[in-house]
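K.L.:
Each residue of the sequence shown is one higher than the one before, starting from 324 at the first, in our numbering. The beta carbon of each residue, even a glycine, is placed where N, CA and C say it ideally should be.
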Amino acid sequence: MNVPLELVFRGVERTEGVENLINERVRKLHRICKYINSVRVAVEKPQTHQEIGNPFRIRVEMRVPPGHDLVVRRESSEGDMHDPLGMMIRLAFDAGERQLRKLVGKQRYDTKNHIDPWSVGTVVKLFGKEDYGFIKAMAGDRDIYFHKHSVLNGAFEKLVVGTVVRFFEESGDEGPQASTVHILEKAPMAQIEISARSAG
(Lines of atoms letter the chains of each structure in order from A and count residues from 1; the text may use other names and numbers.)
(Lines give C-alpha, C1' and ligand atoms only; values in the text may rest on other atoms or scores of the structure.)
Protein backbone atom coordinates (compact mmCIF):
# COMPACT_ATOMS: atom_id res chain seq x y z
CA MET A 1 0.00 0.00 0.00
CA ASN A 2 1.52 3.32 -1.08
CA VAL A 3 1.24 6.32 1.21
CA PRO A 4 -0.81 9.19 -0.23
CA LEU A 5 1.59 12.13 -0.58
CA GLU A 6 0.73 15.79 -1.03
CA LEU A 7 3.80 17.77 -2.06
CA VAL A 8 3.73 21.58 -2.17
CA PHE A 9 6.45 23.99 -3.31
CA ARG A 10 6.21 27.74 -2.58
CA GLY A 11 8.91 30.07 -3.83
CA VAL A 12 11.19 27.09 -4.46
CA GLU A 13 11.97 25.49 -7.80
CA ARG A 14 10.58 21.97 -8.07
CA THR A 15 13.37 19.64 -9.14
CA GLU A 16 13.46 15.91 -9.77
CA GLY A 17 16.26 15.50 -7.23
CA VAL A 18 14.24 17.11 -4.43
CA GLU A 19 11.12 15.13 -5.32
CA ASN A 20 13.08 11.87 -5.37
CA LEU A 21 14.59 12.64 -1.96
CA ILE A 22 11.16 13.35 -0.47
CA ASN A 23 9.61 10.23 -2.06
CA GLU A 24 12.46 8.12 -0.68
CA ARG A 25 11.98 9.52 2.83
CA VAL A 26 8.20 9.01 2.67
CA ARG A 27 8.75 5.36 1.74
CA LYS A 28 10.98 5.08 4.80
CA LEU A 29 8.15 6.48 6.95
CA HIS A 30 5.90 3.76 5.54
CA ARG A 31 8.45 1.10 6.49
CA ILE A 32 8.38 2.43 10.06
CA CYS A 33 4.57 2.57 10.17
CA LYS A 34 2.71 0.37 7.66
CA TYR A 35 -0.64 1.93 8.53
CA ILE A 36 0.30 5.61 8.10
CA ASN A 37 -2.60 7.28 6.27
CA SER A 38 -1.02 10.23 4.48
CA VAL A 39 1.93 12.60 4.37
CA ARG A 40 1.95 16.28 3.40
CA VAL A 41 5.24 18.05 2.71
CA ALA A 42 5.57 21.80 2.15
CA VAL A 43 8.86 23.24 0.89
CA GLU A 44 8.94 27.03 1.12
CA LYS A 45 11.26 29.96 0.73
CA PRO A 46 9.76 32.96 2.57
CA GLN A 47 9.57 35.95 0.23
CA THR A 48 10.80 38.35 2.91
CA HIS A 49 14.22 36.66 2.82
CA GLN A 50 14.70 36.13 -0.89
CA GLU A 51 17.49 38.69 -1.06
CA ILE A 52 19.18 37.60 2.17
CA GLY A 53 21.00 34.29 2.22
CA ASN A 54 19.12 31.16 1.21
CA PRO A 55 16.63 30.29 3.96
CA PHE A 56 14.10 27.49 3.58
CA ARG A 57 11.14 26.32 5.60
CA ILE A 58 10.16 22.63 5.56
CA ARG A 59 6.94 21.27 7.04
CA VAL A 60 6.15 17.55 7.23
CA GLU A 61 2.68 16.44 8.37
CA MET A 62 1.89 12.77 8.99
CA ARG A 63 -1.59 11.38 9.64
CA VAL A 64 -1.54 8.17 11.65
CA PRO A 65 -4.65 6.28 12.78
CA PRO A 66 -6.51 6.55 14.95
CA GLY A 67 -6.59 10.35 14.81
CA HIS A 68 -2.92 11.26 15.28
CA ASP A 69 -1.45 14.22 13.38
CA LEU A 70 2.32 14.51 13.68
CA VAL A 71 3.87 17.78 12.49
CA VAL A 72 7.53 18.69 12.03
CA ARG A 73 8.81 22.16 11.11
CA ARG A 74 12.37 22.96 10.16
CA GLU A 75 13.46 26.50 9.27
CA SER A 76 16.83 28.03 8.49
CA SER A 77 18.07 30.43 11.13
CA GLU A 78 20.53 33.26 10.61
CA GLY A 79 23.37 30.95 11.53
CA ASP A 80 22.50 28.28 8.99
CA MET A 81 20.92 30.25 6.15
CA HIS A 82 23.26 28.68 3.64
CA ASP A 83 22.33 25.08 4.45
CA PRO A 84 21.40 23.32 1.22
CA LEU A 85 17.76 22.40 0.72
CA GLY A 86 18.53 18.67 0.76
CA MET A 87 20.05 18.97 4.23
CA MET A 88 16.97 20.82 5.51
CA ILE A 89 14.68 18.11 4.11
CA ARG A 90 16.78 15.37 5.72
CA LEU A 91 16.73 17.12 9.09
CA ALA A 92 12.95 17.55 8.94
CA PHE A 93 12.38 13.90 8.03
CA ASP A 94 14.86 12.72 10.69
CA ALA A 95 12.76 14.53 13.30
CA GLY A 96 9.57 13.12 11.77
CA GLU A 97 10.92 9.57 11.91
CA ARG A 98 11.73 10.00 15.61
CA GLN A 99 8.19 11.18 16.32
CA LEU A 100 6.71 8.34 14.27
CA ARG A 101 8.86 5.65 15.94
CA LYS A 102 7.84 6.98 19.35
CA LEU A 103 4.13 6.88 18.48
CA VAL A 104 4.33 3.40 16.94
CA GLY A 105 6.20 2.10 19.99
CA LYS A 106 3.58 3.58 22.31
CA GLN A 107 0.72 2.12 20.27
CA ARG A 108 2.29 -1.33 20.31
CA TYR A 109 2.86 -1.12 24.06
CA ASP A 110 -0.71 0.07 24.68
CA THR A 111 -2.13 -2.70 22.48
CA LYS A 112 -0.01 -5.39 24.10
CA ASN A 113 -0.92 -4.31 27.62
CA HIS A 114 -4.59 -3.51 27.03
CA ILE A 115 -7.26 -6.06 27.89
CA ASP A 116 -9.71 -4.49 25.43
CA PRO A 117 -10.54 -7.28 22.93
CA TRP A 118 -11.07 -4.72 20.16
CA SER A 119 -8.24 -3.94 17.74
CA VAL A 120 -7.60 -1.01 15.43
CA GLY A 121 -6.44 -1.22 11.84
CA THR A 122 -6.68 0.23 8.35
CA VAL A 123 -8.61 -1.19 5.40
CA VAL A 124 -5.94 -2.17 2.85
CA LYS A 125 -7.92 -4.24 0.31
CA LEU A 126 -11.55 -4.18 -0.80
CA PHE A 127 -13.37 -6.56 -3.12
CA GLY A 128 -16.73 -4.83 -3.43
CA LYS A 129 -18.34 -7.25 -5.88
CA GLU A 130 -17.39 -10.20 -3.69
CA ASP A 131 -18.45 -8.41 -0.47
CA TYR A 132 -15.21 -8.75 1.49
CA GLY A 133 -11.92 -7.04 2.27
CA PHE A 134 -8.82 -7.05 4.46
CA ILE A 135 -7.75 -4.92 7.42
CA LYS A 136 -4.08 -4.29 8.27
CA ALA A 137 -3.94 -4.65 12.06
CA MET A 138 -1.88 -2.02 13.88
CA ALA A 139 -0.51 -4.61 16.25
CA GLY A 140 1.35 -7.48 14.66
CA ASP A 141 1.24 -6.13 11.11
CA ARG A 142 -1.23 -8.81 9.96
CA ASP A 143 -3.97 -8.76 7.31
CA ILE A 144 -7.37 -9.68 8.76
CA TYR A 145 -10.23 -10.86 6.52
CA PHE A 146 -13.70 -9.36 6.96
CA HIS A 147 -17.05 -9.82 5.21
CA LYS A 148 -19.61 -7.19 4.28
CA HIS A 149 -22.00 -8.46 6.97
CA SER A 150 -19.37 -7.85 9.66
CA VAL A 151 -19.46 -4.08 9.11
CA LEU A 152 -21.79 -2.36 11.57
CA ASN A 153 -24.77 -0.29 10.39
CA GLY A 154 -24.54 -1.70 6.87
CA ALA A 155 -21.61 0.65 6.18
CA PHE A 156 -19.60 -1.64 3.89
CA GLU A 157 -20.28 0.65 0.89
CA LYS A 158 -18.74 3.58 2.81
CA LEU A 159 -15.39 1.82 3.16
CA VAL A 160 -12.43 2.77 0.98
CA VAL A 161 -8.80 1.75 1.17
CA GLY A 162 -7.26 3.78 4.00
CA THR A 163 -10.37 3.84 6.22
CA VAL A 164 -9.46 3.36 9.89
CA VAL A 165 -11.63 0.78 11.68
CA ARG A 166 -12.02 -0.87 15.04
CA PHE A 167 -12.67 -4.59 14.84
CA PHE A 168 -13.20 -7.70 16.91
CA GLU A 169 -10.98 -10.57 15.81
CA GLU A 170 -11.83 -14.25 15.98
CA SER A 171 -10.55 -17.47 14.46
CA GLY A 172 -12.21 -18.51 11.21
CA ASP A 173 -12.01 -21.65 9.10
CA GLU A 174 -9.16 -20.18 7.03
CA GLY A 175 -7.44 -18.08 9.67
CA PRO A 176 -8.14 -14.88 11.62
CA GLN A 177 -11.12 -12.80 10.63
CA ALA A 178 -13.00 -9.76 11.91
CA SER A 179 -16.42 -10.67 13.21
CA THR A 180 -17.41 -7.02 13.82
CA VAL A 181 -16.05 -3.91 12.07
CA HIS A 182 -16.76 -0.32 13.10
CA ILE A 183 -15.60 2.75 11.12
CA LEU A 184 -13.45 5.11 13.21
CA GLU A 185 -11.99 7.50 10.67
CA LYS A 186 -12.46 8.01 6.95
CA ALA A 187 -9.51 7.89 4.56
CA PRO A 188 -7.94 11.16 3.38
CA MET A 189 -9.72 12.75 0.43
CA ALA A 190 -6.57 13.22 -1.65
CA GLN A 191 -5.24 9.77 -2.50
CA ILE A 192 -2.07 10.78 -4.36
CA GLU A 193 0.43 7.99 -4.88
CA ILE A 194 4.04 8.55 -3.87
CA SER A 195 5.23 8.23 -7.42
CA ALA A 196 2.75 10.81 -8.75
CA ARG A 197 3.78 14.43 -9.03
CA SER A 198 1.55 16.82 -7.10
CA ALA A 199 0.68 20.20 -8.44
CA GLY A 200 2.62 22.89 -6.58
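Report the residue from Gly-498, Ala-460 and Ile-345 whose alpha carbon sits nearest the alpha carbon of Val-487.
P.N.:
Checked all of Gly-498, Ala-460 and Ile-345; the closest Cα to Val-487 is Ala-460.
K.L.:
Cβ of Ala-415 within 7 Å of Cβ of Ile-381?
P.N.:
Yes; because the gap between Cβ atoms is below 7 Å, this pair is in contact.
K.L.:
On a Cα-Cα basis, can you pick out the residue from Gly-419, Arg-386 and Gly-409 that is closest to Arg-396?
P.N.:
The shortest C-alpha separation from Arg-396 is found at Gly-419.
K.L.:
Just to confirm the assignment: which complete beta strand (DSSP E) runs, minimum length 3, are found wholly within the region 465-504?
P.N.:
If we require 3 residues or more, the beta strand (DSSP E) runs fully inside the region 465-504 come out as 466-470 and 487-495.
K.L.:
Report the three-state DSSP secondary structure of Val-383 (helix, strand or coil).
P.N.:
Reduced to three states, the DSSP call for Val-383 is strand.
K.L.:
Below 8 Å on the Cβ atoms is my guess for Val-387 versus Cys-356; work out the distance and round it to an integer in Å.
P.N.:
So it is a contact: roughly 6 Å between Cβ atoms.
K.L.:
Tell me the rounded alpha-carbon separation between Gly-456 and Asn-476.
P.N.:
Their backbone Cα atoms lie some 17 Å apart in a straight line.
K.L.:
Alpha helix (DSSP H) containing Glu-342: first to last residue?
P.N.:
Run containing Glu-342: 339-355, per the alpha helix (DSSP H) assignment.
K.L.:
Can you determine whether any heavy atom of the ligand HEM sits closer than 6 Å to the C-beta of Glu-492, and answer yes or no?
P.N.:
The ligand HEM is absent from the structure shown, which contains no ligands of any kind.
K.L.:
Using a threshold of 7 Å, state whether the C-beta atoms of Val-341 and Pro-389 are closer than that.
P.N.:
Taking 7 Å as the Cβ cut-off, Val-341 and Pro-389 do not qualify as a contacting pair.
K.L.:
Looking only at C-alpha atoms, which of Val-364, Arg-354 and Leu-507 sits nearest to Arg-413?
P.N.:
Minimum Cα distance to Arg-413 is reached at Val-364.
K.L.:
Beta-carbon within less than 7 Å of Met-385's beta-carbon, same chain only, minus the 5 sequence neighbours each way: which residues are those?
P.N.:
Excluding sequence neighbours, Met-385 sits near Leu-352, Ile-359, Val-362, Leu-393, Gly-419 and Leu-423.
K.L.:
Tell me whether Glu-401 sits in a helix, a strand or coil according to DSSP, three-state version.
P.N.:
Confidence at Glu-401 is low in this model, with a pLDDT of 49, below 50, so its placement is unreliable and the value that follows should be read with caution. Here Glu-401 sits in helix by DSSP.
K.L.:
To the nearest angstrom, how far is it from the Cα of Ser-502 to the Cα of Ser-494?
P.N.:
Straight-line Cα distance between these residues: approximately 9 Å.
K.L.:
According to DSSP, what are the bridge partners of Ala-460?
P.N.:
DSSP, once it has assigned bridges, lists Gly-444 as partnering Ala-460.
K.L.:
Considering only residues of the same chain and omitting the five flanking positions on each side of His-470, which have a CB-CB separation below 7 Å?
P.N.:
Around His-470: Asp-454 and Tyr-455.
K.L.:
Within the continuous beta strand (DSSP E) that includes Val-362, where are the two ends?
P.N.:
Here the beta strand (DSSP E) through Val-362 covers 361-367.
K.L.:
Under the three-state reduction of DSSP, which class applies to Glu-336: helix, strand or coil?
P.N.:
Note: Glu-336 maps to coil in three-state DSSP.
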